[in-house]
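J.: I'd like to ask you about the structure that follows.
Number of protein chains: 2
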Amino acid sequence: MQKLKNEELNRITPAEYKIARKTPIVVVLDNIRSMNNIGAAFRTADAFLVEKIILTGITAQPPHREIHKTALGATESVPWTYIEQPTQAIMALQKEDYRVLAVEQARGSTMLHNFTPQVGKYALVFGNEVKGVSDEVMQRVDGCLEIPQGGTKHSLNISVSIGIVLWDISQKLRFFS
Amino acid sequence: MQKLKNEELNRITPAEYKIARKTPIVVVLDNIRSMNNIGAAFRTADAFLVEKIILTGITAQPPHREIHKTALGATESVPWTYIEQPTQAIMALQKEDYRVLAVEQARGSTMLHNFTPQVGKYALVFGNEVKGVSDEVMQRVDGCLEIPQGGTKHSLNISVSIGIVLWDISQKLRFFS
Chain A
1 MQKLKNEELN
11 RITPAEYKIA
21 RKTPIVVVLD
31 NIRSMNNIGA
41 AFRTADAFLV
51 EKIILTGITA
61 QPPHREIHKT
71 ALGATESVPW
81 TYIEQPTQAI
91 MALQKEDYRV
101 LAVEQARGST
111 MLHNFTPQVG
121 KYALVFGNEV
131 KGVSDEVMQR
141 VDGCLEIPQG
151 GTKHSLNISV
161 SIGIVLWDIS
171 QKLRFFS
Chain B
1 MQKLKNEELN
11 RITPAEYKIA
21 RKTPIVVVLD
31 NIRSMNNIGA
41 AFRTADAFLV
51 EKIILTGITA
61 QPPHREIHKT
71 ALGATESVPW
81 TYIEQPTQAI
91 MALQKEDYRV
101 LAVEQARGST
111 MLHNFTPQVG
121 KYALVFGNEV
131 KGVSDEVMQR
141 VDGCLEIPQG
151 GTKHSLNISV
161 SIGIVLWDIS
171 QKLRFFS
């Protein structure tokens, strides 16, 4: 089979991204430590036309050389904002009628394959590489999504989790569009 | 909501992984440069109970400190082998009745959301961070899967692509089990 050249992919420009019809999802990064993970979050959010990324707590902000290495320019297309307190970000989103879901292993979480999004807007919270989503955020979210795992390790890499959840939900939301 | 403690996740041990019923998927890493990506591939393959990883070309082999940082021990659970020539790996898999699919942007590729796996075994080839799946491999694969992207960047990070494709196909294969 014949690979496509970059110019044959017909990707949109950052200016076109701003006015494109978005997937009704906001990604919240709750105290993410690794620049690699932050950069990958931007790159993945760009691919799935996410509305916005909210950086909170210790999550570093672009422009940053180490974020750029992985984001490869996606910080120019995906809108982002920084809110120091994660809980403040969550409450602001809920006021704007976002359903806020943590991606976490929790009592009573919904397994991703069983999750059917409703018509509306979602905010997805991804937590720190070691501590996960913070307890005060867990107390405020409207629910919790979990990626089922069959193997030996207790969790997936954050970048990988973001990819899986954004892919899964943006596919399911296609049915409304 | 209340997060689960690691011991509440009831993950299996590496010994249990060996005898667990696997997802009928082999992952082929074709000349992957980044230890980070190799480690993440192991960690993700572990989560979705993949049969085996085949490392080819310049892809580094465990044990390696930099792979361990991301794999976090998943190199102990997921079986792996090294075959220098990627095309030799592909042909060996085809002889064992694996359908070999490259994950790549190519003319006539199948978009992931349109892909319905058949009963049988699959091998999924992920290529180099810059060059993608090599041309000689592209000439031998049975087909090509592509993750549709709506944004500005031409591709996703390899670790993220592996996560999305393994999640998507292992979910679809559940219907056969």
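Line by line, the protein sequences give chains A and B. So in the numbering used here the end of the first sequence lands on 177, straight run, no missing numbers. So in the numbering used here the end of the second sequence lands on 177, straight run, no missing numbers. All residues carry an ideal CB built from backbone N, CA and C; glycine is no exception.
(1) Under the assumption that residue 56(A) contacts residue 157(B) (Cβ atoms under 8 Å), give the Cβ distance between them as a whole number of angstroms.
(2) Strictly below 8 Å CB to CB, what residues from chain B border residue 70(A)?
(3) Establish whether the CB of residue 36(B) and some CB of chain A are separated by less than 8 Å.
(4) Going residue by residue through the region 124 to 158 of chain A, where are the continuous alpha helix (DSSP H) segments of at least 4 residues, counting only ones entirely within it?
(5) Roughly how far, in whole angstroms, is the beta-carbon of residue 53(A) from the beta-carbon of residue 27(A), given that I think they are within contact range, below 8 Å?
(6) Hey, does residue 100(B) have any beta-carbon neighbour from chain A nearer than 8 Å?
(7) Which bits of chain B does residue 85(A) rub up against, with CB to CB less than 8 Å?
(8) Report back the beta-carbon spacing between residue 100(B) and residue 142(B) to the nearest angstrom; my notes put them in contact at under 8 Å.
(9) Decide yes or no for the touch test of the region 126 to 137 of chain A against the region 17 to 32 of chain A: beta carbon pairs closer than 8 Å, at least 3 of them.
(10) Could you tell me which of 35(B), 154(B) and 92(B) sits nearest to residue 83(B), measuring between CA atoms?
(11) Which residues in chain A sit within 8 Å of residue 164(B), going by Cβ to Cβ distance?
(12) Going straight from the alpha carbon of residue 40(B) to that of residue 159(B), what length do you get?
(13) Are the beta-carbon atoms belonging to residue 64(B) and residue 111(B) less than 8 Å from one another?
(14) Does chain B have any CB closer than 8 Å to the CB of residue 79(A)?
T.: Concretely, from the data shown:
(1) Their Cβ separation, rounded to whole angstroms, is 22 Å, which puts residue 56(A) and residue 157(B) out of contact at 8 Å.
(2) 157
(3) yes
(4) 135 to 138
(5) 5 Å
(6) no
(7) Going along chain B, no residue has its Cβ under 8 Å from residue 85(A), so there is no contact; the nearest lies around 19 Å.
(8) Indeed, because the Cβ distance is near 5 Å, the residues count as touching under 8 Å.
(9) yes
(10) Among 35(B), 154(B) and 92(B), the Cα nearest to that of residue 83(B) belongs to 92(B).
(11) 163, 164 and 167
(12) The straight-line gap from Cα to Cα measures roughly 6 Å.
(13) No. Outside cutoff.
(14) No, its Cβ sits nowhere closer than 8 Å to a Cβ of chain B.
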